[in-house]
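Counting the sequence shown from 1 gives a position; the numbering used here is that position plus 2.
Backbone N, C-alpha and C fix where the C-beta goes; we use that ideal spot for every residue, glycine too.
None of the values given here were measured: they were computed from a predicted structure.
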Amino acid sequence: MTTTLEQPKVETPEPPPARRRWEPWALAALLVGTAVAYIWGLGASGWANSFYAAAVQAGSESWKAFFFGSSDAANSITVDKPPMSLWLMSLSVRIFGLSSWAMLVPQALLGVGSVALLYATVKRWFGVAAGLLAGLVLALTPIAVLMFRFNNPDALLVLLMIASVWAMLRAVEDGRTRWMVLTGVFVGLGFLTKQLQVMLVVPPLALTYLFAGPPKFGKRLAQCFAALGAMIVSVGWWLLTVELWPASSRPWIGGSQNNSILELTLGYNGLGRLNGEETGSVTPGGGARGEAGAAMGDAMAGGGFPAGGPGGGGGMWGSTGITRMFESAQGGQIAWLIPAALILLVAGLAVRGRAPRTDTRRASFVVWGLWLLVTGLTFSFMAGIFHAYYTVALAPAVAALVAIGSVTLWRRRDTLWIRAVLAVTLLATAAMSWVLLGRSASFVPWLKWAVVVAGVLAAVAVLIPALTRGRIAAVVTLAALFTGLAGPTAYAVDTIATPHTGSIVSAGPTVEGGRGGFGGMGGPGGMDGAGRMGGRTDGGAAPTMPGGAAPGAAPGATDGATAGATDGMGGMGAMGGAAGGLLSGSNPGEELVALLEQDSGNYTWVAAAIGSNSASGYQLATEDPVMPIGGFNGSDPSPTLEQFQQYVADGKIHYFIAGGRGGGMGGDGTASEISTWVQANFTAVTVDGVTLYDLTS
Numbered sequence: 003m004t005t006t007l008e009q010p011k012v013e014t015p016e017p018p019p020a021r022r023r024w025e026p027w028a029l030a031a032l033l034v035g036t037a038v039a040y041i042w043g044l045g046a047s048g049w050a051n052s053f054y055a056a057a058v059q060a061g062s063e064s065w066k067a068f069f070f071g072s073s074d075a076a077n078s079i080t081v082d083k084p085p086m087s088l089w090l091m092s093l094s095v096r097i098f099g100l101s102s103w104a105m106l107v108p109q110a111l112l113g114v115g116s117v118a119l120l121y122a123t124v125k126r127w128f129g130v131a132a133g134l135l136a137g138l139v140l141a142l143t144p145i146a147v148l149m150f151r152f153n154n155p156d157a158l159l160v161l162l163m164i165a166s167v168w169a170m171l172r173a174v175e176d177g178r179t180r181w182m183v184l185t186g187v188f189v190g191l192g193f194l195t196k197q198l199q200v201m202l203v204v205p206p207l208a209l210t211y212l213f214a215g216p217p218k219f220g221k222r223l224a225q226c227f228a229a230l231g232a233m234i235v236s237v238g239w240w241l242l243t244v245e246l247w248p249a250s251s252r253p254w255i256g257g258s259q260n261n262s263i264l265e266l267t268l269g270y271n272g273l274g275r276l277n278g279e280e281t282g283s284v285t286p287g288g289g290a291r292g293e294a295g296a297a298m299g300d301a302m303a304g305g306g307f308p309a310g311g312p313g314g315g316g317g318m319w320g321s322t323g324i325t326r327m328f329e330s331a332q333g334g335q336i337a338w339l340i341p342a343a344l345i346l347l348v349a350g351l352a353v354r355g356r357a358p359r360t361d362t363r364r365a366s367f368v369v370w371g372l373w374l375l376v377t378g379l380t381f382s383f384m385a386g387i388f389h390a391y392y393t394v395a396l397a398p399a400v401a402a403l404v405a406i407g408s409v410t411l412w413r414r415r416d417t418l419w420i421r422a423v424l425a426v427t428l429l430a431t432a433a434m435s436w437v438l439l440g441r442s443a444s445f446v447p448w449l450k451w452a453v454v455v456a457g458v459l460a461a462v463a464v465l466i467p468a469l470t471r472g473r474i475a476a477v478v479t480l481a482a483l484f485t486g487l488a489g490p491t492a493y494a495v496d497t498i499a500t501p502h503t504g505s506i507v508s509a510g511p512t513v514e515g516g517r518g519g520f521g522g523m524g525g526p527g528g529m530d531g532a533g534r535m536g537g538r539t540d541g542g543a544a545p546t547m548p549g550g551a552a553p554g555a556a557p558g559a560t561d562g563a564t565a566g567a568t569d570g571m572g573g574m575g576a577m578g579g580a581a582g583g584l585l586s587g588s589n590p591g592e593e594l595v596a597l598l599e600q601d602s603g604n605y606t607w608v609a610a611a612i613g614s615n616s617a618s619g620y621q622l623a624t625e626d627p628v629m630p631i632g633g634f635n636g637s638d639p640s641p642t643l644e645q646f647q648q649y650v651a652d653g654k655i656h657y658f659i660a661g662g663r664g665g666g667m668g669g670d671g672t673a674s675e676i677s678t679w680v681q682a683n684f685t686a687v688t689v690d691g692v693t694l695y696d697l698t699s
């Protein structure tokens, strides 16, 4: 008897229809339009987040700083994230020189790449129309517009997360192990970008492939372990190098209390984000947060914040719960199409319910749906540090679900229940836009009425079969697109037109009751009602770059008039000012910059300041190393008082600049000890409104 081994069925894509002439032109319009939107006026935001900008500058000067992600070219301490996103920007600055454009254009190109990759992933199984819609929704999501025009790590993280789904779906398509290995590589690179946040997409990837992969279960499981191995290798080489590198010849690991990258990974950037116990954080519940954190909490309580912190019962970082993504601080960033995405997810799974186990279209609904649910629920209930801009991680899933769900249902619109689902989706979307646009009374007030009218008319039209055929169907489609995209587009345009600087940013206009991170604080350079940091820093005149330069001026140029302005948390008590603060970069005037540059070649660090943000402005203005004592929060034990005293004795530090980390706070632990020692042993002088001490006198 002759037997043959049963081969698993491999689903093949349906033969594509003949390409229409408009398709390549539509894709070109999408990508070119995205590029123009993301690159337009980038220079107005100056250094954006000067915490990362300083690390970019350092990496462009020192290969050691490049490898470790150091805050300064003399390698005293790193930023509190892995360096992969910094590598791209640092290489650009090495090639083109230090400028806002050289730093931010790579971020914009990552945005274009994300839109293109999402288009390709969706188009392969759902057609050109779905791919174009997915790309358009992602491109216009307000928080995506902001993050792809900013220098936070989130831009690269989004691209790598999309790439991991693309590779996994290719594995579902043909069952080849190489695709799962590539999936693991993309996840590993995401880990090198923002550590454990990328792991939120791992359960969706693994569960989807274990369910839908073509091979038998044993092989599917083995392929998942192969992906895990690839992930470990792709990130482990860097982690192992950092962990084994002699601590005496590398920078301190920023955000770590014990100079350990593993501690940073599992603590401050790991479980601490979930349970609120981030050691070294300034949050009231953040474990050993130190005296500065207590002062921060007291300052906020004195500033009129609700009991329990700015979130009103949820602690420093806002209230937690199932509605968190729809609240004022987050809603305008991402929530516009979340109801539609959830409705279309359920409907899409119902439509594909009887498909074979290996059906890639159903697998697409599963992976994007799990991405949205796992990430959204994690963000909703995490008790630790949370900012509105984190929600950009939801944007690809929302965009994909809206696109594949809409196209899947529209192609089956002859069925009554499907028409009813489409109508409900349109009404829910219109209602969501009404709520979100209503939070900004002075922002295009007519738009919410137009969206509701278009949504109701489109919902009624899809219920009538005769109106979903022929030319009238195109009109209904346009009304549906207007309903879903008018609000996000308005927010996107406002985001593009508004400079954004500081450590906490959000997209769109001021919203009633909006808070971002620490709460909504007005005032020049502070947070506006949307929780947006920075923006206009002079009460209405043209915004300035960090360092006081007008947009388009050379970095470091100042006019002296903005010494007291901030690009961050300037509206809160002692925080901000020319010396910067916890969330704002310093703004040195011309005289201070000239003083720091004098004989700069004779010193390892031209100055030292408490906190990375305070140090960043001086470093970017002079392009010389400035030691950020205590790292981002000023609470890292780097350097110790004894180490700092030895640096001073060896003549390695020229000046100590007071006033960082929120003016009189002075940092935590060793930072406070260093401040006290300097004040007791050196004479203070004031230059451009900043107090500093000559450590060589």
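Nearest CA to the CA of residue i: which residue from the options?
i             : options                           : result
threonine 642 : Ala623, Val507, Arg473 and Thr678 : Thr678
leucine 339   : Met163, Leu694, Leu32 and Leu483  : Leu483
lysine 218    : Ser250, Gln332 and Arg178         : Arg178
valine 114    : Phe388, Ala136 and Arg126         : Ala136
alanine 331   : Pro511, Leu465, Leu276 and Gly257 : Pro511
glutamate 625 : Leu142, Val595 and Ser637         : Val595
threonine 36  : Asp82, Gln645 and Ile498          : Ile498
arginine 23   : Leu120, Val130 and Trp65          : Val130
Are residue i and residue j closer than 8 Å when you measure CB to CB?
i              : j                 : result
glutamine 335  : alanine 509       : yes
proline 639    : alanine 76        : no
proline 490    : isoleucine 79     : no
arginine 363   : phenylalanine 128 : yes
leucine 403    : alanine 343       : yes
isoleucine 234 : tyrosine 391      : no
threonine 195  : alanine 229       : no
methionine 327 : glycine 407       : no
glutamine 609  : alanine 56        : The sequence shown places alanine at residue 609, not glutamine. No, Cβ-Cβ distance for alanine 609 and alanine 56 is not below 8 Å.
serine 87      : leucine 158       : yes
alanine 456    : threonine 479     : no
alanine 337    : leucine 438       : yes
isoleucine 659 : leucine 585       : no
leucine 207    : proline 398       : no
methionine 149 : valine 394        : yes
leucine 134    : leucine 32        : yes
leucine 411    : valine 423        : yes
lysine 83      : glutamine 225     : no
tyrosine 657   : aspartate 696     : yes
leucine 276    : alanine 385       : yes
Rounding to the nearest angstrom, what Cα-Cα distance links residue i and residue j in this structure?
i             : j              : result
glycine 691   : tryptophan 607 : 21 Å
leucine 29    : arginine 172   : 22 Å
proline 467   : threonine 417  : 9 Å
leucine 90    : arginine 471   : 48 Å
serine 614    : threonine 243  : 24 Å
glycine 99    : alanine 494    : 29 Å
threonine 360 : leucine 347    : 18 Å
serine 250    : serine 258     : 16 Å
glutamate 25  : proline 590    : 51 Å
glycine 522   : leucine 469    : Unreliable positioning characterises glycine 522 in this predicted model, as indicated by a pLDDT of 34, which lies under 50. The coordinate reading is nonetheless provided below. So the two alpha carbons sit approximately 46 Å from each other.
arginine 414  : alanine 475    : 14 Å
threonine 685 : serine 52      : 29 Å
threonine 5   : serine 166     : With a pLDDT of 44 at threonine 5, under the threshold of 50, the modelled position of that residue is not reliable, and no figure is offered here.
alanine 551   : serine 62      : Low per-residue confidence applies at alanine 551: pLDDT is 39, beneath 50, and the placement is therefore not dependable, though the value from the model is reported in the following sentence. The straight-line gap from Cα to Cα measures roughly 22 Å.
valine 366    : alanine 488    : What sits at residue 366 in the sequence shown is serine, not valine. In a straight line, the C-alpha of serine 366 is about 27 Å away from that of alanine 488.
leucine 351   : valine 368     : 8 Å
proline 253   : leucine 429    : 55 Å
proline 341   : glutamine 59   : 42 Å
Identify the residues that DSSP records as bridge partners of residue i: which are they?
i                 : result
tryptophan 254    : Ile79
phenylalanine 658 : Ala610 and Tyr695
isoleucine 631    : Ile612
alanine 686       : Tyr695
Write down every uninterrupted run of the alpha helix (DSSP H) in the stretch 374–412 whose length is 4 residues or greater and which is fully enclosed by it, in chain order. 397–412
At which residue ranges does the stretch 132–206 contain complete alpha helix (DSSP H) runs of 4 or more residues, listed in the order of the chain? 144–149, 156–176 and 179–196
In the stretch 52–135, which residue ranges form an unbroken alpha helix (DSSP H) of at least 4 residues, counting only runs that do not cross its ends? 52–63, 65–70, 86–98 and 102–128
Residue ranges of each alpha helix (DSSP H) run of no fewer than 4 residues wholly in the stretch 220–245, ordered along the chain? none
Could you give the uninterrupted runs of the alpha helix (DSSP H) lying entirely in the stretch 459–520, keeping only those of 4 residues or more? 472–499
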